[in-house]
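There are 2 protein chains.
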Amino acid sequence: MTTKSDFDVLLIAGDIDKLVHEPARLMLLSILYTIDSADFVFLQKQMGLTRGNFSTHMSKLEEAHYINVKKEFVDRKPMTVLSITDEGRAALEKYRGQMKKILAALG
Amino acid sequence: MTTKSDFDVLLIAGDIDKLVHEPARLMLLSILYTIDSADFVFLQKQMGLTRGNFSTHMSKLEEAHYINVKKEFVDRKPMTVLSITDEGRAALEKYRGQMKKILAALG
DNA sequence: TATACATGTTTGTAATGAAAACATGTTTGT
DNA sequence: ACAAACATGTTTTCATTACAAACATGTATA
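Residue numbers (the numbering used here), protein chains in the order written: chain A, 1 to 107; chain B, 108 to 214.
1. Taking the alpha helix (DSSP H) that A/L49 belongs to, which residues open and close that run?
2. Give the secondary structure of A/T56 by DSSP, where H, G and I count as helix, E and B as strand, and everything else as coil.
3. Identify whether A/D17 lies in helix, strand or coil by the three-state DSSP scheme.
4. Are the stretch 48–65 of chain A and the stretch 126–133 of chain B touching, with three or more C-beta to C-beta distances below 8 Å?
5. In three-state DSSP terms, what is B/L210?
6. Can you name the start and end residues of the alpha helix (DSSP H) that A/S30 belongs to?
7. Starting from B/V188, follow the beta strand (DSSP E) in both directions and report where the run begins and ends.
8. Does the stretch 145–153 of chain B come into contact with the stretch 30–45 of chain A, if we say contact requires no fewer than three beta-carbon pairs (one atom in each stretch) closer than 8 Å?
9. Suppose the cutoff is 8 Å on Cβ atoms and the five residues either side in sequence are ignored; what does the same chain contact list for B/F180 look like?
10. Along the beta strand (DSSP E) that carries A/Q67, what are the first and last residues, could you check?
11. Going by DSSP in three states, B/A198 sits in which element: helix, strand or coil?
12. Within a Cβ cutoff of 7 Å, which residues of the same chain sit near A/E87, ignoring the five residues on either side of it in sequence?
13. Which residues in chain B sit within 8 Å of A/H21, going by Cβ to Cβ distance?
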């Protein structure tokens with residue numbers, strides 16, 4: 001018989017995607033998951049992050065292909081538009097599944 | 108009227124307790140939440156961490172008073188027993204509540 | 001009595017998150 | 001027209017952190 005402790009499900013915490021797990025990025029990815037796309041300044045202000053901090057988190061998600069970053073000009077000013085990718089959706093859904101299991105195991 | 112976006116609940120991700128949120132510690136705290144107490148070697152092996160890594164995570168949770176660490180001798184060998192504190196339980200429950208809201212907002 | 005074993009801790013290091021400083025261009029004020 | 005303020009992001013710098021290797025201590029064994 002396989003030894004299956006009552007907490008074995010909790011071990012999946014070790015497989016969590018840290019790129020998604022980090023709070024600021026979880027927030028950003030979740031927002032984009034619900035509203036599909038939004039611009040840099042709007043998101044940065046809503047989330048209460050500095051521009052620098054937001055920028056680095058954005059870049060990491062972009063490098064992972066979890067979001068798309070499109071740069072355009074509006075009223076002669078630069079505007080950066082973020083949108084979630086299919087890969088990003090999949091990653092967040094996987095994360096959600098893992099976290100749900102963990103939370104469920106806590107009763 | 109207060110501007111309440113449909114993703115406002117996701118902003119609570121910024122208030123998450125990072126001490127609990129870190130995967131290895133979330134795992135450890137969750138295990139102790141379900142089985143109350145266990146020893147160092149058992150936990151370290153189950154969790155698949157090196158002793159050094161486990162030791163530092165343990166210490167951080169101890170410093171935060173989320174767990175108790177008791178050292179004794181068994182068969183003339185040192186044994187370290189970890190147990191969750193009320194404060195630790197409260198922290199994990201708060202964390203669970205926050206994460207549940209976030210996950211729920213994702214549909 | 002040395003060699004291996006067992007249990008943790010401390011130290012060294014690479015990665016990370018956060019904000020300040022910087023770069024680039026635009027609008028405003030005089 | 002020209003400087004100062006504003007707007008949008010990026011790059012750099014810094015402190016913290018997660019991780020594992022090395023270390024310390026004691027025990028069992030050959």
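Using N, Cα and C, we set each Cβ at its ideal position, and we do this for glycine too. Just so it is clear, the structure is predicted and the values come from calculations on it, not from any experiment.
Result, derived from the coordinates:
1. Careful: A/L49 lies outside any alpha helix (DSSP H) and carries neither H nor E.
2. Here A/T56 sits in helix by DSSP.
3. Correct three-state label for A/D17: coil.
4. No, the stretch 48–65 of chain A is not in contact with the stretch 126–133 of chain B.
5. In the structure shown, the three-state DSSP call for B/L210 is helix.
6. Element bounds for A/S30: P23 to I35.
7. Annotation: the continuous beta strand (DSSP E) that includes B/V188 extends over K184 to I191.
8. With the cut-off at 8 Å, the stretch 145–153 of chain B and the stretch 30–45 of chain A do not touch.
9. Spatial neighbours of B/F180 in its own chain (CB-CB distance under 8 Å, excluding positions within 5 residues in sequence) are listed in chain order as M186.
10. At residue 67 of chain A the sequence reads Ile, which differs from the Gln that was named. Per DSSP, A/I67 belongs to the beta strand (DSSP E) from I67 to V74.
11. Of the three classes helix, strand and coil, the one that applies to B/A198 here is helix, per DSSP.
12. Answer for A/E87: H65 and Y66, listed in chain order.
13. H128 and P130, listed in chain order.
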